[in-house]
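Only one structure is covered here, and it is reproduced in the block below.
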Amino acid sequence: MKKFLGIALSIVLATGLLAGCSTGNAGSSTSSSQPEKLTKMRVAYMPNMGSASTLVTAIKMGYFKQEGIDVELVQFAKGPDEIAAMGSGNIDVSQIGHGAHTLAAKGQANIITIDDTSLADAVMGNKDKGINTISDLKGKTIGTSLGTSSQVILDLALASVGMTEKDVKVVQMDPSAAVTAMVTGNVDAVAIWSPSTITVKQKMGDKVVTLADNNTYKDQMQFPSSFVVTPTYASKNKDLLIHFTSALFKAMDYRSKPENIKTVADWVAAQIKQDPALIELGEGEGNWLTSKYVYDSVKDGTLKKIYENQQALFVTNKQLPAAVNVDNYVLYDNMKAAYEANNK
């Protein structure tokens, strides 16, 4: 009898152990959707609300880690420099403004998703230098970052009064240098973006006039900011980019809610080491898109039209020699797959 009970007890214990093993395996299977080792990605951004907000939100809310990604943010002054860093292999993904999209059209980058449409650029003149209207810019010295969205706004402003950059003196300057030059009177006008625009207004007060901004030309076109990778990186990392974009979409949806925007602005301020009050003034400097807007605009062709209109402007301004098919560099399938992964 004792022998029988011993055998029975052994069977029960063995069954329990097997059940325990089975439960452990089930748990492992469930957690396999959360990779044990995170994939490191180096991502370039610029120090402003429009460029940094989605990325910082995705980090703070844990969205990248949910997708198995560890993001290292690397700050740049402008989009063309970010794309150059991608080309050399130092950066995996970049968030670029409107102007740097010329390089995507030239085959140097693929767009994995739109981020927002910018309202952050402006052409500003110094009244003490006799500038009160766009026409007053003739013969004046203007500081701007070449190849950026602000240069595009400058070109549109000049064209509106029958002028081109040949009628003014354009000086290449990074935003921080442009602010200093404007405030000290070393340039007559600037074409820059937020938060630099806010800083100029605060320091110059009534002496500065805003001559044109994105809203001036909103009926002509939108000014998209996008996340981009090199074509080679895109072809080798399709699944990773879907996960990366899924995290971005979650962050965009969070940012799009009015009750969250101040929190996002404060996160951005901490990231770029700026006064939160300054960054909060830029809460309205973009149209904060949702993932559903992106998905729907891919399906109905709106997004393609945005990039086509953008490219047409580049051709008109002679920043591109001729139009190319935007389908060559906009990865619609990546956007659709990321949205559908988030909305199963």
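Under mature numbering (1 follows the signal peptide of the UniProt record, and there is no 0), the letters of the sequence shown match residues -19 to -1, 1 to 325, in that order. All C-beta atoms in this analysis are idealised placements derived from N, C-alpha and C, irrespective of residue type, glycine included.
Note down the Cα distance separating ILE77 from GLY166, rounded to an integer number of angstroms.
Walking along the sequence shown from the start, residue 77 turns up at place 96. Walking along the sequence shown from the start, residue 166 turns up at place 185. A straight-line Cα-Cα distance of about 29 angstroms links ILE77 and GLY166.
Straight-line gap, LYS231 to ALA303 (C-alpha atoms, nearest Å):
Position 250 of the sequence shown, counted from the start, is the residue given in the question as residue 231. Position 322 of the sequence shown, counted from the start, is the residue given in the question as residue 303. Roughly 36 angstroms between the two C-alpha positions.
Identify the continuous beta strand (DSSP E) that holds VAL209 and give its terminal residues.
The residue you call residue 209 lines up with position 228 of the sequence shown. 205 to 210 is the extent of the beta strand (DSSP E) around VAL209.
Assuming MET105 contacts THR191 under a Cβ cut-off of 8 angstroms, what Cβ separation, rounded to an integer in Å, is found between them?
Working through the sequence shown from its first residue, we reach residue 105 at position 124. Working through the sequence shown from its first residue, we reach residue 191 at position 210. Their Cβ separation, rounded to whole angstroms, is 5 angstroms, which keeps MET105 and THR191 in contact under 8 angstroms.
I believe THR38 touches TYR313 by the beta-carbon criterion, under 8 angstroms. Please report the beta-carbon distance rounded to the nearest angstrom.
Walking along the sequence shown from the start, residue 38 turns up at place 57. Walking along the sequence shown from the start, residue 313 turns up at place 332. Actually they are not in contact, since the Cβ atoms of THR38 and TYR313 sit about 24 angstroms apart, beyond 8 angstroms.
Kindly identify the DSSP beta-bridge partner or partners of GLY60.
Residue 60 sits at position 79 when you count from the first residue of the sequence shown. DSSP lists no partner for GLY60.
Put TYR310 into one of helix, strand or coil per three-state DSSP.
As a first step, residue 310 must be located in the sequence shown, where it is residue number 329. The answer is coil: DSSP assigns TYR310 none of H, G, I, E or B.
Contact set for ASP136: own chain, Cβ-Cβ below 6 angstroms, skip 5 residues either direction:
Within the sequence shown, residue 136 is the residue found at index 155, counting from 1. So the qualifying residues of the chain are ASN298.
May I ask you to verify whether the stretch 284 to 301 touches the stretch 255 to 267, counting CB pairs closer than 8 angstroms and requiring at least 3?
no
Can you name the start and end residues of the alpha helix (DSSP H) that ASN290 belongs to?
Position 309 of the sequence shown, counting from 1, holds the residue named residue 290. That run of the alpha helix (DSSP H) goes 283 to 297.
Spatial distance of THR211 from THR226 (CA atoms):
One-based indexing of the sequence shown puts residue 211 at position 230. One-based indexing of the sequence shown puts residue 226 at position 245. Their Cα atoms are separated by approximately 15 angstroms.
Need the endpoints of the beta strand (DSSP E) that THR20 sits in, please.
Taking the sequence shown and counting its residues from 1, the one referred to as residue 20 is at position 39. 20 to 26 is the span of the beta strand (DSSP E), which, as asked, contains THR20.
Can you list the beta strand (DSSP E) stretches of 3 or more residues lying completely in the stretch 215 to 244, in chain order?
none
Terminal residues of the beta strand (DSSP E) in which SER157 lies:
What you label residue 157 is simply residue 176 of the sequence shown in a count that begins at 1. First-last for SER157: 156 to 165, but that is the alpha helix (DSSP H), not the beta strand (DSSP E).
Nearest by alpha-carbon distance to ALA101: which of ALA228, SER272, ASN268, LEU222 is it?
If you number the sequence shown from 1, residue 101 lands on position 120. Nearest option by C-alpha distance: ASN268.
Same chain only: Cβ atoms within 8 angstroms of GLY306, ignoring 5 sequence neighbours per side
Taking the first residue of the sequence shown as 1, we reach residue 306 at position 325. It should be noted that the sequence gives Asn, not Gly, for residue 306. By the criterion of a C-beta distance shorter than 8 angstroms, ASN306 is surrounded by no residue of its chain, once the five residues flanking it on both sides are discounted.
Go through its chain and collect everything with a Cβ distance to ALA138's Cβ below 7 angstroms, but skip five positions before and after it.
On the sequence shown, position 157 is the one that residue 138 refers to. Result list for ALA138: VAL104, ILE115, LEU192, ALA193, in chain order.
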